[in-house]
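Student: In my numbering, the protein residues as written are 565 to 767. I'd like to ask some things about the structure below.
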């Protein structure tokens, strides 16, 4: 892979501005874990955008989004599971795995086991261990939005017939109203895919 050409393509800037679709953004994140130069470019771009936002007075929405993202990244450097931050596409899997080390499932349902870190009417965050597959109907956008961050293993997501493969470190937002099937595809001896699953009430 020509790293220099990839960095010069502009895709990092689009990623940092949130302009990429979920599948392309996931590909950028995967490459950033494999190539330190790409990870460094992402962090430097975010810093540059933040400095620019204080000088050039961009649209308020962009400035707010940039500071929100930087705040989330800083919050994850030391995660308090008693008051956990939201997960997002830049979440630090290593920091999360360290924070939840030693936690075990509270209950099981079918082939999935769960441990709730936060449960309120507006925000739910749980650790899920899935051994086989989980099928869910689409979620009404007026109810909540759902996303997850893979911590260990791998899975295949069937989103209304579109197949997406995810592995540790990947983040995915479930499209509203989409029927989805999540199937464990972890390689032996990993017996399950482990993820953080987040549900946030619609604004």
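Where is the CB? At the ideal position from N, CA and C, for every residue including glycine.
(1) If we count Cβ pairs, one from each stretch, closer than 8 Å, do we get three or more for the region 732-749 versus the region 711-722?
(2) Please go through the same chain and pick out, in chain order, the residues whose beta-carbon is closer than 7 Å to the beta-carbon of residue 662, but skip the five residues on each side of it.
(3) Between residue 667 and residue 732, what straight-line distance do the alpha-carbon atoms span, to the nearest angstrom?
(4) Could you give the first and the last residue of the continuous alpha helix (DSSP H) run that contains residue 579?
(5) Give me the Cβ distance between residue 762 and residue 651, rounded to the nearest whole Å; I'm assuming they're in contact under 8 Å.
(6) Does the beta-carbon of residue 582, which I'm using as the reference point, lie nearer than 6 Å to any heavy atom of the ligand ATP?
(7) Ignoring anything shorter than 3 residues, give me the beta strand (DSSP E) runs that lie fully in the region 698-743, in order along the chain.
(8) What are the uninterrupted segments assigned as beta strand (DSSP E) that are 3 or more residues long and contained completely in the region 650-706, given in chain order?
(9) Report, in whole angstroms, the separation of the C-beta atoms of residue 645 and residue 681, which I expect to be a contact under 8 Å.
(10) Around the C-beta of residue 606, are 16 or more other C-beta atoms found within 10 angstroms, so that it is buried, or is it exposed?
(11) Give me the residue from 586, 579, 566 with the minimum Cα distance to residue 734.
(12) Measuring only the C-alpha atoms, how far is residue 729 from residue 611?
(13) Please report the distance separating the alpha-carbon of residue 588 from that of residue 582.
(14) Is the beta carbon of residue 695 less than 7 Å from the beta carbon of residue 756?
(15) Per DSSP, which one or two residues make a beta bridge with residue 645?
(16) Pull up the CB-CB distance for residue 686 and residue 678, whole angstroms please, since I reckon it's below 8 Å.
(17) Report buried or exposed for residue 643, applying the criterion of at least 16 other Cβ atoms within 10 angstroms of its Cβ.
Tutor: Reading it off the structure:
(1) yes
(2) none
(3) 18 Å
(4) 575-580
(5) 5 Å
(6) Within the structure as shown, the ligand ATP is missing, as the structure has no ligands at all.
(7) DSSP runs (the beta strand (DSSP E)) wholly in the region 698-743: 708-716, 718-723, 726-731, 735-737.
(8) List check, beta strand (DSSP E) in window: 671-673, 676-683, 687-694, 697-700.
(9) 5 Å
(10) buried
(11) 586
(12) Straight across, the Cα-Cα distance linking residue 729 with residue 611 is about 30 Å.
(13) 11 Å
(14) Yes, Cβ-Cβ distance for residue 695 and residue 756 is below 7 Å.
(15) Looking at the DSSP assignment, residue 645 forms no beta bridge with any residue, so it has no partner.
(16) Incorrect: roughly 19 Å between the Cβ atoms, too far for contact.
(17) buried
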